[in-house]
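With the working numbering applied, the sequence shown corresponds to residues 58 to 173, in that order.
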Amino acid sequence: QVQLVESGGGLVQPGGSLRLSCAASGSIFSVNAMGWYRQAPGKQRDMVAVITFTGGSTTTYADSVKGRFTISRDNAKNTVYLQMNSLKPEDTAVYYCKLFGSPPAWGQGTQVTVSS
């Protein structure tokens, strides 16, 4: 069984910053990539950023967060981070960590609220 433990969410004013962390543990056979997705009320869950753990460190970002968010990883700790800067009210959502590997897994989610 795989556990993904997310942390770092909270309430922040527009223009502020937050850093999310996601640590994977348990019976993990392989990690190909990890990423962050988000889901706002009444909307579908969308990809925010993904980073590969094999074959280099390739990153992919949603257009809406490019230049503001940065994803990074610690292979040894099976941990992924999401540095979020210049936050906007439209970034408000539950942020979920996803592990692409064997087995695949989702975290429970952490709430990010951007409001004055």
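For glycine and all other residues, C-beta sits at the position ideal for the given N, C-alpha and C.
Query                                                                                                                 : Result
C-alpha distance - K134 paired with V69, whole-angstrom precision                                                     : 28 Å
Neighbourhood of P146 by C-beta distance below 8 Å, restricted to the same chain and skipping five residues each side : P71, V171 and S172
C-alpha gap between C154 and W93, whole angstroms                                                                     : 5 Å
Unbroken beta strand (DSSP E) run spanning S82, endpoints                                                             : L75 to G83
Neighbour-count burial assignment, T115, 16 or more Cβ in a 10 Å radius                                               : exposed
F110 beta carbon less than 8 Å from that of N89                                                                       : yes
Proximity of Y118 and S129 at Cβ, strictly below 8 Å                                                                  : no
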